[in-house]
Structures are given as structure tokens and as C-alpha cells.
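Novice: Have a look at this one.
2 protein chains.
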Amino acid sequence: MRAGRDGIRVSSIVMRIAVDVMGGDHGCGVVIEGAKRALLADKKITAIYLVGDKAEIHAALPPRGFRDHRVRVVHASEVLTMDDKPAAAVRRKKDSSIARAVELVHDGKADAVVSPGNTGGIFAAATFKLGRLPGVDRGGIAAVIPTPDNEFVLLDAGANIECKPIHLAHYAIMGSIYSREILGYQKPRVGILSIGTEDTKGNPLTLEAFKLCKHLDLDFVGNVEGHDLFKSKVEVVVCDGFVGNIVLKTCESLAVGIFTMLKRELTTSPHRQLGALLAQNAFRTIKRKMDPEAYGGASLLGFNGAVLKAHASARERAISSAIGITAKNLQHHVNELIVRDIARANQRLGAAGLLPPSMGDN
Amino acid sequence: MRAGRDGIRVSSIVMRIAVDVMGGDHGCGVVIEGAKRALLADKKITAIYLVGDKAEIHAALPPRGFRDHRVRVVHASEVLTMDDKPAAAVRRKKDSSIARAVELVHDGKADAVVSPGNTGGIFAAATFKLGRLPGVDRGGIAAVIPTPDNEFVLLDAGANIECKPIHLAHYAIMGSIYSREILGYQKPRVGILSIGTEDTKGNPLTLEAFKLCKHLDLDFVGNVEGHDLFKSKVEVVVCDGFVGNIVLKTCESLAVGIFTMLKRELTTSPHRQLGALLAQNAFRTIKRKMDPEAYGGASLLGFNGAVLKAHASARERAISSAIGITAKNLQHHVNELIVRDIARANQRLGAAGLLPPSMGDN
């Protein structure tokens, strides 16, 4: 073990990842195949736990020639469905695959969780069973959104519907770390999503959060508005979970809508069809760039353990990518950096008299 | 005068439209040319007031051969700029073109206002000088967003940052009337923008608004989420002005981003360039369909007078279209329908004990 960059300990890293194989749209076989690919791609992964119905998992294993010594199977008899009310279901279904996967982290047997299941369920399981990192008042969901010339982390993408200003300030810090360590932006620019760039524009939440963010050790550019999102002005966008969820889903929906129109228009005449054929690589490049699967899914930040929510519709490649991102998260000590930077931030805000009284003991 | 559809009076309609020619990005000549085209296109427009600097207007008139007897020039010595703080500036710049244009409506000399200027300024002028329609507690901005198979009215697109549930309920009614009368949807479906379709999903504002909307005489489909917006599930989407402004601008920004990527990718090889050439009509069709200028701008609903905010970057065609939409608004008695339907809604909500006490006297 040695002292590395920024004073964060750099040990030979143990990367044990619990994969909830049950929650996805395409059944456990697809998730297991994704795990297999991830292990092939990254020799440094220490272990993968396949968590779910033992019989189903074993039935899916042999035909895929998946006999890596790093694989372990952990049985769970229940599944959280998309219709389950998250918090209640996590409490009720004690033997659900997501609950068991998160417990492996809680019990020190795994370091991270990947699940394509019910987002609310994953969030509830992480909240109940892992708890939050020291100094963090609320966890958040970090989604990555591609733009023509960069990509940005949107945080919170739907976990924390009624945010306080301190939550947005913490999201700014966590998003900045995530953008740097996972996406590779050396000095990510951070903006608060609002309705105008002036510091007087916004709602009470963003106006207060603006004051807090000014005190933090960040490349804080102030407010950004919807018009700025795809103009490479920022690499981190913070907002409450209500706004973030709507923005994320609206972007996905509009992108699909535009490609639907393109496809339709490009097939209305032989001329256009030929044109589309000649230009097909251009469309493929854009689709690949805009593909949310490339980012593996959304990370839940602020919890005692790395947690990644893969798309429910994730296929093999996306699951493999989600596990790869999670391995990177562990290798880059994202959670240790969060603990350190949140402590510094709380200290700064406390010194400026800006830390809420309820957080004084952090 | 005779009783028409829905009992609304159908008289020979007087359509006198005050056009603020000063606030746009391209100078008053472009706006004046747009007004000329609108008059040519619609013989039923009674009069157009060109409001702004008299010298500039007269200088712009002759070379364009604009000698319609329905044109009047009204002098205003000041302009609200995009940097002006709206409310304060409207109060300070008493001789601004937007203030003078709105005053023409207030004084009974005009029936409607069109302006490409500062949105906040137009909203402030309408609020101070026109006041709200009976029964309406807050005005809102209705933007039209095209989708592959329909278009929806987004309301409020940025006027009312801190909404109460009753405001969303009123937006549902006003948006429904607008969608029917201006866009031609016979029975527009109305949704509340939220983070899930179940009636238990949302923030305190949307949860309460949901309860109110259930009581209204609307085709209320409940909550819609971002994923639903471009899938032709609704023709009216209601939300607070903070969320609406972010959604509107995010959509505009993402659409531009995707077309930027397309353009870039389609010019990287002769193959692709030829393909793009063959398929160029397909791209044009989509661009035309997605073009916000086609809708002329955003209407301010709930005020004593029809008010339309054109895009600041509007050119001749967009200004002409904005004036055309405004004429349609007057012909279809949108404000009379709003007054009638809001009164009915308030009565229903009052009977159910759901009208806020502050509105009991409406």
C-alpha cells in the first residue's frame, strides 16, 4: 500500500462485484453473458457474484461456457419487479436478488453492486442496507448524457425529489469527482440547471444552492439553462431529482423521436433509400455516440459501496460495460474521494456559516 | 351577432394587432416585412399597429412597398433589451415599444400584441397593464413542441416559477382550449409532467394538481413522464414554469445538437456527401417539422388580450406566422372560451372543496 495522488490510499485493489442477474428485461442469461464478457475484458476483477435464482443461473451457465474461477453464485428466491413500490418491496421481499446483492457489500463480501432492476428498489436497498458515506446527507443518481463534443454528468437523475440546497452542493462535488475519475475530464465545469444564466435567475432551491457552490473548490460556472446543455459548456449539471429525471427521459425520448422521423423520411423514395445506404455509417456513428448503453447505466453516488443501475433493457454489451464502469469506480477510489471532498466542503461551508444546523455534527 | 358553437358569441370579428417591431434580433425591417406578409395572407385582419421608433419604421417602410391602408405607426422611443430586468424595466421605460403595444390593447385600440422581445418584459407588461382574465390566478406561457406524429402544448414554459396546484389545473384548461382552437385537436389529451405515470408519483405540487385535474371536464390522462413526450400520448403537457422552461430549452438544444452531429458526420467522406445529397429532402422535411418558427412563438395565456411572444431570432416568415396565429386566436375567441371554462372549473373545484380560499371570490 502506498500514498497516491491526492493522498488517497492506493492499495492493490480488490474488486468484488455483486451482479443482480434477475431484474432486467431480457432474463438472467443476458446478464450472465454480460458478466462473462466483463471478466474476459478485465483480468483485474477479483470476483463476480451472480445473485438470483440458483436453478435459473445454473441452467444459464453451461451453454455459455462460463467457467471462470472468479464466479460465485448466490441464491435469492425473489425478484423486485418494475411494478413493486420500491421502499415497501425492499422491506417485504427480504430474499430479493437486489437485497441479497447489496447485503454482500454490507457484509464485506463484495465491494460493488450492479443491477438492471427497478431503480427505486436499488436506491431503497442502498439507503437501508449500505447507508450513506460520512458527511453526505442524501445519495443521488448520476446519469451520463452525450453531446456533440463532450458528455455531461446529470445529477440527480431521479432519486431525491425534494432537494435542499446542501444536496445540490454535494451533487456538484460528487458529480465533479465522477466526471474526472470515470469520464476523464481533468477539470470538469459544473453548472446548476436553471432558467437563466444570471445568479438572480432560478427557484428558491437553485438560488440558495448557487450561494453554496460559489464557496466550493470546484470549477463552478454558475447557472446553465436548457439551451446550454448540448453546447459543451459544462461537464456536470446539478438539479433536483424531479427536474433531472424529466430532463433525462425527455432527452432519451426526443432522440428516439428524431431518429424515428429520420428512418421514416429516408424510406419514402428510392432516391432517399440510396442516400441513406451511402450515408449509413454516419447514422451509425451518431447512434453509437448517443447510445445510453455505452455508459453502462447510472451510478448511485453517496453510498457506502459502489452501486450502478444498468438499463432494464441492457443487453450483454451494456451489462459488460456497466461492470467495467463499476470496476473503474473501484480502481479510482471514487467513494474515498467523495468522503474526503465532502468533508472539506462541509468544513468550508460551516466556516462560512452556510452549513444547515442539522449537518453540524458531520 | 349570433350564438355559435359552445354558446360563445360569434360576431364579425375585429382583429387589430399591435406589433412591437423593436425587440427582435434582426431589427425592425424584418418584423415590418413579416407584418406585410401577414396582411397579404389574411384579408380579415382589421389593422396592424407597428409600434417602435417612428423614424426607423418610416425608413423601413418605402423600400418594401408596404402601403396597406390597414397599417398604422405608433411611436415609442425606448426598447426593452434582453439584458433588462423585466419587471423593473417595464416600470422604468414607460415609452418602451412593448409597453406602448400592450397599452393599445389596454386602451381598447387593439385586440392583441405580438412581440419578438424580452419574454419577461412582455409577461410583466401584460401582467401590469392588461391584468388577468376573470377567475385566472396566474398567466402562463404556452409553447408548441412538435413530435413525430403530433405536437403538444407545453404550459407553463417559463412565466410562473413557483406554481400552486390551482395554477397547473388552470394551465390544463387553457392548454386544452389552445390545442383545440389553434392546433385543431378535437379532444386534446392532457397530462401532468412528472417522474412516473402512477398517481402516487411526483412532487407535492404535481400530486395536488393531479387531484384537481381529475375533477375537471378534460381528457385528463394523468401523469406523463419525459419518455412519453415524443410518443404522441398527449397534446397538452402542464408543469411549473421552472420545469417547463428547462424542458423547452433542452429540447431545442438537443435537436440542434443532433443536427450538428448529422451535418458533421455527413461531410466526412465523398460517399456520405453523396448520400446526404440524395437524401436531402428527407432532412429538409424533418427540419421543417421540428422548426419552432413554424408555430410563430409562444402565446401568453390568461391575460385580458391575446399576447404572443415571437422568437427573438424570428425572421419574416416567423413573424408573419406569429401574426397569423394571433389572428386565429382572436377568430376562435380563445380568451372568451378560457373565461367560460375557468369559471366552470372553479365552480366544480369549489363544490368539491378544492378551490384555495384565496380564490373563493372568483
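Chains as they are written, first to last, in the working numbering: chain E, 1 to 362; chain Y, 363 to 724. Glycine is no exception: its CB is placed at the ideal position from the N, C-alpha and C atoms.
Just to make sure I have the definition right: I need the residues of chain E whose C-beta is within less than 7 angstroms of the C-beta of Y:Glu627. Which are they?
Specialist: Your numbering for residue 627 of chain Y matches position 265 in the second sequence. Neighbours of Y:Glu627 on chain E, chain order: Ala282, Thr285 and Ile286.
Novice: Kindly list the residues whose CB is nearer than 7 angstroms to the CB of Y:Ala617, restricted to its own chain and excluding five residues on each side of it in sequence; keep chain order.
Specialist: Residue mapping note: residue 617 of chain Y aligns to position 255 of the second sequence, counting from 1. Counting only Cβ-Cβ distances below 7 angstroms, and skipping sequence neighbours, we find Met652.
Novice: What's the call for Y:Asp446, buried or exposed, on a 16-neighbour Cβ count within 10 Å?
Specialist: Here residue 446 of chain Y refers to the residue found at position 84 when the second sequence is read from its first residue. Buried is the call here.
Novice: Going along the chain, which residues of the stretch 220-238 of chain E sit with their C-beta nearer than 9 angstroms to a C-beta in chain Y?
Specialist: Only those residues of the stretch 220-238 of chain E whose C-beta falls short of 9 angstroms from the nearest C-beta of chain Y are listed: Glu225, Gly226, His227, Asp228, Leu229, Phe230 and Lys231.
Novice: Straight-line CA distance for Y:Ala672 to Y:Gly686?
Specialist: The residue labelled residue 672 of chain Y in the question sits at position 310 within the second sequence. The residue labelled residue 686 of chain Y in the question sits at position 324 within the second sequence. Rounded to whole angstroms, Y:Ala672 to Y:Gly686 spans 12 angstroms at the Cα level.
Novice: Cutting at 8 angstroms between CB atoms, please list the residues of its own chain near Y:Leu580, excluding the five before and the five after it.
Specialist: The residue labelled residue 580 of chain Y in the question sits at position 218 within the second sequence. Apart from the 5 residues on each side of it in sequence, Y:Leu580 sits with its Cβ closer than 8 angstroms to the Cβ of Ala534, Ile535, Ser538 and Val552 in its chain, given in chain order.
Novice: How would you call E:Ala124, buried or exposed, if buried means at least 16 neighbouring beta carbons within 10 angstroms?
Specialist: Here residue 124 of chain E refers to the residue found at position 124 of the first sequence. Burial call: buried.
Novice: Would you say E:Asn118 faces chain A, with C-beta separation under 9 angstroms as the test?
Specialist: Absent here is chain A; the protein component of the structure consists of chains E and Y.
Novice: Measuring CA to CA, which of E:Glu265, E:Thr268, E:Val21 and E:Phe242 is closest to E:Ile57?
Specialist: Here residue 57 of chain E refers to the residue found at position 57 of the first sequence. The residue with the shortest Cα to Cα distance from E:Ile57 is E:Val21.
Novice: Go through the stretch 689-720 of chain Y residue by residue and report every complete run of the alpha helix (DSSP H) that reaches 4 residues or more, in order.
Specialist: 696-713
Novice: Identify every residue that forms a DSSP beta bridge with Y:Leu640.
Specialist: On the second sequence, position 278 is the one that residue 640 of chain Y refers to. DSSP output for Y:Leu640 lists no bridge partner at all.
Novice: Between Y:Gly520 and chain E, is the shortest Cβ-Cβ distance under 9 angstroms, so that the two count as touching?
Specialist: As a working mapping, residue 520 of chain Y is identified with position 158 in the second sequence. Residue-level contact by beta carbon holds for Y:Gly520 and chain E, with a gap shorter than 9 angstroms.
Novice: Measuring only between beta-carbons, confirm whether Y:Ile620 sits less than 9 angstroms from chain E.
Specialist: On the second sequence, residue 620 of chain Y is found 258 positions in, with the first residue counted as 1. Output row for Y:Ile620: interface = yes.
Novice: Any beta-carbon of chain E closer than 9 angstroms to the one on Y:Cys613?
Specialist: Here residue 613 of chain Y refers to the residue found at position 251 of the second sequence. Cβ-Cβ to chain E under 9 angstroms: yes for Y:Cys613.
Novice: Give, in chain order, every residue of the stretch 660-680 of chain Y whose Cβ lies closer than 8 angstroms to some Cβ of chain E.
Specialist: none
Novice: 9 angstroms is my cut-off, CB to CB: does Y:Lys651 come that close to chain E?
Specialist: Start at 1 with the first residue of the second sequence, and residue 651 of chain Y comes out as number 289. Answer yes: the Cβ-Cβ gap between Y:Lys651 and chain E drops below 9 angstroms somewhere.
Novice: Let's see if you can read the secondary structure: which residues bound the beta strand (DSSP E) around Y:Gly502?
Specialist: Residue 502 of chain Y sits at position 140 when you count from the first residue of the second sequence. Unbroken beta strand (DSSP E) run through Y:Gly502: Gly502 to Pro508.
Novice: In terms of DSSP beta bridges, what is E:Glu103 paired with?
Specialist: Start at 1 with the first residue of the first sequence, and residue 103 of chain E comes out as number 103. Looking at the DSSP assignment, E:Glu103 forms no beta bridge with any residue, so it has no partner.
Novice: Interface residues of chain Y around E:Pro356 at Cβ under 7 angstroms?
Specialist: Your numbering for residue 356 of chain E matches position 356 in the first sequence. In chain order: nothing, as chain Y lies at least about 20 angstroms away.
Novice: With DSSP as the reference, please indicate the residues paired to Y:Asp585 in a beta bridge.
Specialist: The residue you call residue 585 of chain Y lines up with position 223 of the second sequence. The residue you asked about is not Asp; residue 585 of chain Y is Asn in the sequence shown. According to DSSP, residue pairing for Y:Asn585 in a beta bridge involves Y:Ile554.
Novice: Could you give the DSSP three-state label for Y:Leu628: helix, strand or coil?
Specialist: Here residue 628 of chain Y refers to the residue found at position 266 of the second sequence. Correct three-state label for Y:Leu628: coil.
Novice: Note down the Cα distance separating E:His26 from E:Val307, rounded to an integer number of angstroms.
Specialist: By one-based count along the first sequence, residue 26 of chain E stands at place 26. By one-based count along the first sequence, residue 307 of chain E stands at place 307. Using only the alpha carbons, I get a separation of about 21 angstroms.
Novice: When you compare the CB positions of Y:Val441 and Y:Asp415, do they come within less than 9 angstroms of one another, or not?
Specialist: Stepping through the second sequence from its first residue, residue 441 of chain Y is reached at position 79. Stepping through the second sequence from its first residue, residue 415 of chain Y is reached at position 53. Yes, they are a contact pair.
Novice: One question on the structure: do E:Ala157 and E:Ala142 come within less than 9 angstroms of each other, judged by their Cβ atoms?
Specialist: Position 157 of the first sequence, counted from the first residue, corresponds to residue 157 of chain E. Position 142 of the first sequence, counted from the first residue, corresponds to residue 142 of chain E. In this structure, E:Ala142 lies closer than 9 angstroms to E:Ala157 by Cβ.
Novice: For the stretch 149-165 of chain E against the stretch 205-217 of chain E, do three or more pairs of beta-carbon atoms, one drawn from each stretch, fall closer than 8 angstroms, so that the two count as touching?
Specialist: yes
Novice: Report yes or no: do the stretch 254-271 of chain E and the stretch 637-652 of chain Y share at least 3 C-beta pairs separated by less than 8 angstroms?
Specialist: yes
Novice: Return the CA-CA distance between Y:Glu560 and E:Leu248, expressed in angstroms with no decimal places.
Specialist: Here residue 560 of chain Y corresponds to residue number 198 of the second sequence, with the count starting at 1. Here residue 248 of chain E corresponds to residue number 248 of the first sequence, with the count starting at 1. Distance between the alpha carbons of Y:Glu560 and E:Leu248: 19 angstroms.
Novice: Return the first residue and the last residue of the beta strand (DSSP E) that E:Arg72 is part of.
Specialist: Within the first sequence, residue 72 of chain E is the residue found at index 72, counting from 1. Run containing E:Arg72: Val71 to His75, per the beta strand (DSSP E) assignment.
Novice: Count the other CB atoms, across all protein chains shown, that sit within 10 Å of the CB of E:His170; report buried if there are 16 or more and exposed otherwise.
Specialist: Counting from 1 along the first sequence, the entry for residue 170 of chain E is found at position 170. Per the 10 Å Cβ criterion, buried.
Novice: Can Y:Ala599 and Y:Leu591 be called in contact, C-beta distance under 9 angstroms?
Specialist: For this step, residue 599 of chain Y is matched to residue 237 along the second sequence. For this step, residue 591 of chain Y is matched to residue 229 along the second sequence. Reading the sequence as shown, one finds Val at residue 599 of chain Y and not Ala. It is a contact, given that the beta carbons lie within the stated cut-off.
Novice: On a CA-only basis, which of E:Ile13, E:Val14 and E:Val19 is nearest E:Ser321? Give me that one, please.
Specialist: Here residue 321 of chain E is taken as the residue at index 321 of the first sequence, counted from 1. Comparing Cα-Cα distances from E:Ser321 to each of E:Ile13, E:Val14 and E:Val19, the minimum goes to E:Val19.
Novice: Of the choices E:Ser179, E:Gly202, E:Ala112 and E:Tyr185, whose alpha-carbon is the least far from that of E:Leu330?
Specialist: One-based indexing of the first sequence puts residue 330 of chain E at position 330. E:Leu330 has its Cα closest to that of E:Ala112, out of E:Ser179, E:Gly202, E:Ala112 and E:Tyr185.
Novice: Here's the rule I'm using: 16 or more other beta-carbon atoms within 10 Å means buried, otherwise exposed. How should E:Thr268 be labelled?
Specialist: Mapped onto the first sequence, residue 268 of chain E falls at position 268. So E:Thr268 ends up on the exposed side.
Novice: Which parts of the stretch 22-88 of chain E are runs of the alpha helix (DSSP H), unbroken and 4 residues or longer, counting only runs that do not cross its ends?
Specialist: 28-41 and 54-60
Novice: For Y:Glu570, would you say it is in contact with chain E, using Cβ-to-Cβ distances shorter than 9 angstroms as the test?
Specialist: Translated into the one-based positions of the second sequence, residue 570 of chain Y becomes position 208. It does not; no Cβ of chain E falls within 9 angstroms.
Novice: Output the boundary residues of the beta strand (DSSP E) element that contains Y:Leu574.
Specialist: Your numbering for residue 574 of chain Y matches position 212 in the second sequence. Element bounds for Y:Leu574: not the beta strand (DSSP E) but the alpha helix (DSSP H), Pro566 to Lys576.
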